[in-house]
Every structure is written in structure tokens, then in C-alpha cells.
Amino acid sequence: MRHTHRWFSRGLGLALGLGALFNSPRPAEAIWPPRPEMTSADLAMMANWPNDPGYAGQWEHWSWVPGMNLTVPNFRTEEAALGAGNNTDRAWAISTGDPRVIIAVLDSGINWDNDDIVNKIALNTAELPMPEGATSYDSNGDGVVNIVDYLRDSRVTCGTGPASARNPRQCRGADGMPNDPNGNGVFDPGDLIRVFSDRTDADRNGYVDDIAGWDFFQDDNDPADATRFGHGTGEMRWSAAETNNGIGDAGDCPRCMLLPIRAADSFIGEVDDFAQGVVYSVDRGARVVQEALGTLDNSTFARRAIDYAYAHNVPVIASAADENSRHHNVPGTNNHTLVVHAIRYDTETLTRSTTFLNFNNCTNYGAQLVLSVSGTGCSSEATGHTAGHAGLMQSYALEHSLTPALTAEEIYQLLARTTDDINVPESQPGHPMFDDTKYPSLPGWDQRFGYGRTNARRAMEWLRDGKIPPEVDVTSPRWFTVLNPGRPAEQTLRIEGRIAAARAPRFDYTVEYATGVEPADTAWVMVRRETNVTAAVTDRLADIDLRTLNVNNPGERANRYTLTVRIRAVAHYDAPVGDVPGEVRRAFYVHRDESVLPNFPIDVGGSGESSAKTVDLDGDGSREIIYGTADGDLHAYRANGTEMPGFPAHTVPLFGMRSSHATNYVGSAAYSGESPAIDPGRVFDPIVATPAVADLDGDGRPEIVVNSYHGTVHVFRADGTSYGHGFPYALPDVPSAMTAPDRILQRGLFCSPVIADLDGDMRPEILFGAMDGKLYALDAMTAAVKPGYPVVIHFPEAGTEYNRVFGNVGVGNFNGDTIPDVVVVSNEKLRGDNNTGAIYLVHGDGNNHAGGAFHPNWPIAVTSFNFFPLVGEGVSGAPPIADIDGDGRDEIAFTGNALPTIAFVRGEQSAMGRRPALNTLNRVALAQTSRRGALTNNTTQIVSFANVFSMGAWGDMDGDRTPDYVISGAELNLAINLGGGGRARPFYHLVGAFSGRDGYPLPGYPQLLEDYTFFMNPAIASVDGDPYPELIVGTGGYFLEAFDACGRTPAGWPKFTGQWIIPSPALGDLDGDHRMEVVSGTRGGLLWAWRTQADDRTANVQWESFRHDNRNTGNYGTPLTQGVRTTGDAGTIQCPVPPEPDAGTSPEDSGVVADASADGGAAAPPSPDDGCGCRAAGSAPTGARGGLALLGLGLAASLRRRRRRAD
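Under the numbering used here, the first residue of the sequence shown carries the number 15, and numbering increases by one thereafter.
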């Protein structure tokens, strides 16, 4: 089924209104492309539009403002001269692109049946025969080689008539069914792949039959979007849709060609698949790389791939991401990318809006942001438009034979230097007309808007007029490096990079720094200035003395230690060009912390999504840090920062880097030769899962089990050597042909291994869920799959999709028998409801269990919002396990993504149908998520707490000998904000702690956090030496936080890392002094370790690391080998609760405040049967009326904007 015009109603409806406004009937043929002399007023006339029906709604292209907006009360009249959008329409008067310019789109692949891009795909003629009967590949002589040239080729089936009379959009047989080779009813490049792939590498470029792009997600030559997620297709439409063709939209670079690269099956994927795509794109001849991705990890390989593109004059246009956060999205936050995000109009209706310069809530910001780009489709749309603009610039340079070729840095500088500054005075607090619906903006660069809004016309004018800025590039240190001037080696910040102006006779430059992320003009301190420079300056650009610099910025906590370096250069051209500026900024942190162990943090290279474990590998009484990275390295560090002998160990090479693998790329240009640009021998399968550690073979020494992302289970001995016994174990392949829109599967492992004895034979098994939708159990002595496994994890309801097991599994005993049980979650979305998932309870003997693998009345459906693909669909957060009520049988904390209902559920359930309301389940308690403790620091009206992307933990926080439930997330205002379009609305990230006895929040909770807590599993242990534990949680806002049951932060906390924390903290005595250390990694590649005051023999340790213990069981009852579980004689914690309860506290609530309902109603305590005021799995909301519905609508709106125009 083709998808072409589904969303065009927005354009057609607006066209009617605009046509009436301008009284300009549309002629049969538009005057397009525009003539050079045309003004914005000319281009506002429909007669001068391209004839694409969607263009009437493509305000992001317009250099003019609709007259209707000028009559809206409070419209910012100063924007009338700027135009509504990016001025792309006026840029087309200079160039509409060139088919020699290829934009490589690295995303979810392509829907081949999309009418608006089917003719825009660049074909590799070296892998194709010439069109039948033709004397050149351009058989129709239109100057472009594309699918149209093969329309009369009888070797490619289409329809029933002669090849000369084919309708390329009606490839159907006499029975009316599609009869083209790939069966979609459209004549497209996918058909050429099917017909002409011959398993030979005709052009010897290392990619066999790369006819029309490549699929690095599944390692084959067809980049089709097999699951039809559609994001990649939408990206291609934005940057280079066919224009003035009477259908669809107008692309930013109408004559540029497209190279589809499947790097994921959505906009979230693994970074090495992206990296391989970048390298291929460059070697294939692409001149722009477009990536609107957020990857799970960031590897050294990815950084080198981006550098490879930069060195070959290929700009990488990168998305800032979509969560209204400053955390450092990757791969964008690397050297040599251009990070962009979106701005938009301020209401839901364009022609009723008062501005076109508001921050788009489904987009990110921060020091790394360069450009704001008009669009309602989040940062993804901004990426597409900017890639198209870069394509226009590359096209103009080609068309006019610019020598030397335009560089990637020159393109970055041209775009950044030619923006429309976003400086809205009323956005600043203190302004007499302060507007709190706007995020603050400042003159020049600011963290919410970068250098301002892209002006494509001005950038093209500068290029046309020879005003090409100097190249200004910082290569070292990397973004957001943390320096501690208390250490001699870190007292100087050395800036390395390159400054050049090869086209100008001379240039000047200045290096300066200032504290803060948005320093005032008067705050900059100059450290170097050079004038009349005639040759490029490379390597060391300046040294900044940090010894006496005290960075302690007021305002935002995340920028408290920020130091910004700015390098400005001016190229001095001869007349008439004159002086042309260039600039780069880089943010670092300067922070002194004496509690950091010497030689830490360690830069491990690849990012850290895998959590650390602490274990004594060599039997000397001190623990070592076990840590895996995105580079596929498994480290074992001592307390002094040195590596244990035999480490790092490595995972298997990435599939494409194995010469023995059927599909490999080691013969391609980037990876081959005597000195390859990228050494394929150093590219290993990334580790994003957390290792498990236990003695597998009974020799008294621990083994380390590691899952690598692309589907291999490794086991290493304590000396770093391979364990053998059949390991490593590789999962079966899942080729593209086995996937579909209702079979979203792949070979891969995000789930961490769990070590448990499932059959009581005193030999452990290795358990894990896999992204092929199955639960596996391997014999630890043979690597054989255990009898009864794998178990297919699929909800037994017709019409439910098959999807990945992405979240972790846990092991417990829920029915009192002798067989352990396994808790499993799945990404599947249940039939008819994308916002419902399921949680499974599986017998330990799997399919061999009498009656089937699942416990009676399991799986159980749960409302779980489809927030993000892969990481936030179905149920992605693994429930923690504990025997809460002391009956000898375990319970789990049962909840879904972004759901404010949390139930402490027993394993034995009655038959209540497949989708029971959570308040009807057999349970111990419901978490009272709409209440707050008297000592909370969150005082907002709408506080209902919801889990967002995180995992819970159990621990006795208050000393009452009952484990309490701890989990991080956010309040419901998050949904209002993300679904709120272009108006600022405050929201807060939170961590909650709920009593295991009754579900009420502990007195100090919830506590505010800085940012999201993706995949975070808090640790619970005392770090200050008192009898009571703290929960320890890291955030995307760079801090590792600690709070006790009263919400108090211990002395010396929080700990600052300067980078996004995803790994869970781990505790252990590393140096043998019996004082525990806390360890945490970051996505920026730093591994930290801090001293604490807690004695590892007597400290209260409840949940020591990711999933509780070194076996990753996720079960509070699994014994730990350090600390104690009780407060001893100290008893229950006494919090300083105010003697008089706050307003709204019900008499029975000792220190608990009830919130007003989510719809603004009066404060009222929730019903005892429904702590959050809402029901799950299809039940209507009650209590805090509409809160759950509001959350769903907000998240749905946010996801819809990301996927807009996907088909």
C-alpha cells in the first residue's frame, strides 16, 4: 500500500485560506524556480510557488509571513521582515541543487513506494547493467540517472502492457495484484536490487551489489524500511523531495539526489551501524550526511567515522534530539558535526500564532547547539532541512567549479554566520512585558537557540559573493571534558585544533574564555590574539591557566562549573568581499573534588551505558571495577586506575569488520591499505549491557559474562582470557525477510545476563532476553541452550505484534515451589492499543513446564505508553523483585512506561481476563504516586509521579525492616510540555521512594532531579557512615545524587561528572581500607570513583549495583557479600517532619501531602484502592481526573511530531 497524500490536508486547508488572503488564483503552471530578482512579497504569491500541494503548509520554507498573522493580536511585528521560516524559497533563486550532489540519509531506511522520493535515489551504475536498448545510463537524456531510466527495461516486471507504456505507479498484473519484483506496486529502485543483484562486487568498493544504498542494520544491500517505521522516508522528504511535481511536498534541495542508508529500524539505533553508514556514504560519493538519530552508545569508531567524513569535505548534519533537555545526544555531540534543533510558531494553528521563533518543546538545547531551524517536526525535521541547505551549498559550489572544493567546516561556518538572531527581550525575566510561555533568548549565541534561525538565502548569498568564512575547529579536548585544577596534570587547559582561511590572503584570530554557558560580552578573557596570519594554524591554539580559576556560576545547576572557550577569526579578503568572520565555541567544566580517587576519572574511549560491577578478581581482599564500553572493551581497573593483567578483554569484532563473515566491508577504501583511515581490527561489538559475575565452573574464581549488542554472549576468566566451554555463543540471525511491521525483531542483546541455577543441579545457567523476542537460558558449562528454551515472549492474543525483549529479566520464587521463576518484559504493543504492553512470569523450566511456560493468568497487560521506539515501547523497564510481606514468596513492582500506577504484585493471580485493571490484581499495596511527603522539595500542583525509562530498586530506606520501592521518573507536567508545541511549560524530573508496607511516599519524597534517568537503576546504600542508606541515582544533568529517607543529601554530595549518566552506580571497597567507594560511568566515556565514609563491613547496603547484585538477579533477596541489611540499634529513621501538617494533609497522613487533581480540581486524598487516581489497561481515569489521559495525549503528540511525514 502506497502512502503519498495522507498528511496533505494541512497544506490544502491552509492554501485555501492563503489564496483567499492574497486573491491570487493559482495558474496551471507555477513560476518556479523563482527568478533571482524575486522578493519575499513575490514569493508570497501562490503564482510563484512550486505546485506541490503540501507547499501551502510548508511555512518553514517561507521568507514571508502570512497576512493573517499580521492581524493577530500581539503578533511580533518585527518578525514580518524576517519571514516565517528559513528563507529557503529565496535560496532557490540561487540554486535548486545539482544531481551530482548526493545526500546520504542515515536512518530507518526507505519506503520504496513513496512517490515523492522514488525518482530521487542515486543509483550506482557500476553495479547495474545499462538500461535495455540504451547507449548510456541516462537513457531519457534528462541529465539524471534514476529509476525512470529503467522504465522501459523488460527485465524488470511492471504491469501487463508493453514496457513502452508502463505506469510506474501501477505495477499490477491481470489479477490486480502487485507484480513488480519487490511487490509494492511501484516501479522503484528496490526492484532493481531484486533483479540485478548478482552477488558480485562489480565496482570492487567492498559492498556487494550496492545498487541503491545499503542496510547496515541487517547487513544487506536493500535499505528498505522493512518494518515501515517511516522516519527515514520522512527525513528524505524534508531534505530532497522531488519538487514542482504536483504531489507531496517541496524538498529543501529539489535537484539533489538521495542515498538511503538503513542504520536502525527507527530513529534510535546502535552507533557502529551509524558509523559504518558514514564511512560508506563518504566512499560512495555523498556530499552531505544527514542523521536525525539518537544512538544507544557512542564509540571511538563513530568518532573516527565522523572525522573521516569531515576530512573528505562531507558535513554531518546532526539532530540535537527531542526531549527538551540539555543532555548530550549522540552521535551529534562529537567533534565535526553540526547540531541543530527546531523552533516553531507558538500555537497549534499557524495563522493564529504571534511568533515563529518559539522553542519547539520536542527538541533539545545546550552548549553544543549551533542552529535553530523552523519546523514542527522536532529536531528530526530541523536535521532534514539543514541537510537540504547544505546540499544547496554543495550544489552551487559544483555548478560554479569552486576551487578548492567547499569544506565541511566552511559549510558549518556559512550556516552559523548567516542566521537570523533570535533575541526576544520579553522572554527574559525582569522585562516589563515578560512572557513566561517563551524560553529565554539573548543577543547572539544562547543555549536555547544557538546562533539563531537558519537563513538559507543569506548563506547562499555569502557563498555566491565569495564571503566564505575562515575555518575554525577545535579537536581537543572533546566536548564537556572535566578538569580538576587541584591536580597538577589538569591545571592547564590546552586547546588544540585548526584555524585557516585558505581563500583569503590573511586572517586574524582570538582565543578567549569565560565562565558560564552564556557569558556576557564583557566577561570574556583573551588568552591569545594573532593578526595578519597567512598560513593555517594547527595543533596547539592556546593554553589556559586554571590554577587560580574558581568556576562557580550562579543560576542553573547543570552549568555551575561550565567554562566556555570561544575562538573567533576574521578572514581579510580583498575588495569587494572585505572581512568575513568565523567562530567556534566549546564548553568544558572546571571542578575541584577531593573525594575523587587519584587517577580517576579514566577516559575509557567509548561511551559507558553498561554499568560497573565491583568484585575481587585476584583474591587480594580489594575489589576491582568491571566495566564494559561501546568500544567492545571489557575493563578491570584497580583502585589506582591501572588495568588488571589480561585486560581489557575484547568482544568479537563487529560483523562488518570480520573478513570471515559472509557480509564484510574490510576491503573498502576506508578500512584497507597499508595505513587504513580506520583499522577494522580495532572495531569490536559494543557492550551496552551490564556484565554479570559469578563462579561458573566451581574453581573458586569468578568468571565475567558479557553480552555484546549485536548478539553474542561472551565469558571471560578472572585473568581476562576466554573461558571456553562453547563460548562465545552467537544468537541466530534475524534477516530482513523475517521482519515486518508486526514483527519488529533483530539479532541483538540489550538485556544484561543473569546468572542463576534454574534446575537445582548446582550448576548455574545464564539467562537473558533477546531482541529476537525470546528468553534464553544457556548451560554455563557447555553454552548449550537449556531444554525448554528459548521461550517465545508473545502475548497470547490474536493481532498482537511480535517485538523485542529489550528490558532486563529477573529471577525469584513466586509460588513457593523449588523451581525459580523468571520475570520478563517485552516491547510488544498489544492488539489495538499502542499504549499497552505486558509483563510475563515464566517457569524456570520454560516450555517443558506442564501447562506451558507462563504462570497461570500471566502474562498481564499493563498500560505502557509508546514514548520512543526501542527504548520506550511496550514495557522496557525491568521490574525489581522482593519478598515484601515476608511470606517466603516474592513480589514485583508492576508498572509501565510513563504510567503513574505502580502496584506491588504477587505472583499468584486469579483469572481476570487478559487485561485487568491494576487495582484488581492480587497485591501487597499500590504506590500512592499522587501524594508527596512533607519534606519533599517538589511543590508543583501536578505532582503525580510516573516512571520514565528507568528501573526500580528495593531497599529498606527507613529502617522499618520492610523494603521500600525506589524509582526515578517525572511528573505528569512532562507530558504537557512535550505535547505542548511551542509554549514553555515547566516540568520536573523526580525520584520517588514508596513504603513497601502501604505504598505511601517516604517523608522526603519525591525529590527533584536535573534530567531524565534513562535505564537508571538506583543503588541503595549508606555513603555517609550512618545506619541509614541513601538512594544513589545518576541523571542526564551530569550529577550523581544521594538522598536518605528524609530527602537529605549527605555531606560532599551530589557528585558532578559533567556528562550524561546512564550507568547505574556500584559500591565496593576498592583499595582495601574497608571504606567503600562509589563508581559510575558516563556516556562521555569517563569512569569515576569517589571515596565514601561507609565501612564495607558494617555499612547498610541494600541494593549495591545494577539489578541488585553481581549476578544481576534483580532480586532484593539475593545475598550480598558486603555490608549489612539492618540499622541495628538505631531503629526506624526519625525525619524532622513539621509539627503541623501542610494544607491538604489528611489527618491519617503522618507527613504526607495530597495534591490537587491533575485537572486543577480541589485537593482530595485518592481512594485506597487506586493510589494514583487512575486505572490501567483500558479502565477509565478516576480521582486525579484526566491525568493519565493527559499523559497519553501528550506523549502521543510528541511521537507523532517526530514521525510526521514519515510516509
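C-beta atoms are modelled at their ideal positions from N, C-alpha and C, and glycine is treated no differently.
Keep in mind that this is a model prediction, so the values were computed, not measured.
Does the Cβ-Cβ distance between residue i and residue j come in under 8 Å?
| i | j | result |
| --- | --- | --- |
| valine 707 | leucine 789 | no |
| glycine 1048 | methionine 1030 | yes |
| aspartate 727 | proline 767 | The sequence given here has valine at residue 727, not aspartate. In contact: valine 727 and proline 767 (Cβ atoms closer than 8 Å). |
| aspartate 336 | cysteine 392 | yes |
| glycine 1137 | alanine 1103 | no |
| asparagine 338 | asparagine 312 | no |
| valine 293 | tyrosine 322 | yes |
| threonine 536 | asparagine 83 | no |
| leucine 577 | tyrosine 527 | yes |
| glutamate 1091 | arginine 1105 | yes |
| aspartate 5 | serine 609 | Limits of the chain in this structure are 15 at one end and 1221 at the other, which puts residue 5 out of reach. |
| serine 736 | glycine 646 | no |
| glycine 592 | alanine 583 | no |
| leucine 1134 | valine 1115 | yes |
Is it right to say residue i is buried, meaning 16 or more other beta carbons lie within 10 angstroms of its own, or is it exposed?
| i | result |
| --- | --- |
| aspartate 786 | buried |
| glycine 346 | buried |
| histidine 399 | buried |
| phenylalanine 809 | buried |
| serine 168 | exposed |
Taking DSSP as the reference, what is the three-state secondary structure of residue i?
| i | result |
| --- | --- |
| glutamate 638 | strand |
| methionine 250 | helix |
| proline 1020 | coil |
| tyrosine 324 | helix |
| glutamine 184 | coil |
| histidine 857 | strand |
| glutamate 905 | strand |
| methionine 926 | coil |
| aspartate 1156 | Here aspartate 1156 scores only 46 on pLDDT, less than 50, and its place in the model should not be relied on; the value that follows carries that caveat. Residue state, collapsed to three classes: coil. |
| arginine 513 | For the record, residue 513 in the displayed sequence is isoleucine; it is not arginine. In this structure, isoleucine 513 counts as strand in the three-state DSSP scheme. |
| leucine 631 | coil |
| methionine 752 | helix |
| threonine 1112 | coil |
| aspartate 163 | helix |
| phenylalanine 288 | helix |
| isoleucine 116 | strand |
| arginine 478 | helix |
| alanine 875 | strand |
| methionine 191 | coil |
| glycine 402 | helix |
| tryptophan 126 | coil |
| histidine 355 | strand |
Based on the DSSP output, what are the partners of residue i in its beta bridges?
| i | result |
| --- | --- |
| histidine 341 | Paired residues: none, contrary to the question. |
| glutamate 305 | Ala332 |
| glutamate 51 | DSSP output for glutamate 51 lists no bridge partner at all. |
| valine 839 | Ile853 |
| alanine 1103 | Val1093 |
| isoleucine 135 | Leu272 |
| alanine 411 | Note: alanine 411 sits in no beta bridge, so no partner. |
By Cβ distance below 8 Å, which residues in the same chain neighbour residue i in space, the five residues on each side in sequence not counted?
| i | result |
| --- | --- |
| glycine 655 | Leu611, Pro612, Asn613, Phe614 and Ile616 |
| glycine 1131 | Gly826, Ile895, Ala896, Asp897 and Asp904 |
Suppose the cutoff is 6 Å on Cβ atoms and the five residues either side in sequence are ignored; what does the same chain contact list for residue i look like?
| i | result |
| --- | --- |
| proline 894 | Ala907, Gly966, Ala967, Trp968 and Gly1128 |
| glycine 670 | Gln290, Asn678 and Tyr679 |
| phenylalanine 230 | Ala277, Asp287, Gln290 and Gly291 |
| phenylalanine 1028 | Phe963 and Ile1076 |
| serine 1164 | Note that serine 1164 scores a pLDDT of 34, beneath 50, so its modelled location is shaky; the value from the coordinates is reported in the next line. Result list for serine 1164: empty, nothing under 6 Å. |
Spatial neighbours of residue i within its chain, please: C-beta separation below 7 Å, excluding the five flanking residues on both sides.
| i | result |
| --- | --- |
| arginine 114 | Leu412 |
Should residue i be listed as close to the ligand MN, given that the test is whether its C-beta is under 7 Å from any heavy atom?
| i | result |
| --- | --- |
| serine 982 | Of the ligands one can find in the structure shown there are none, so the ligand MN has no counterpart to examine. |
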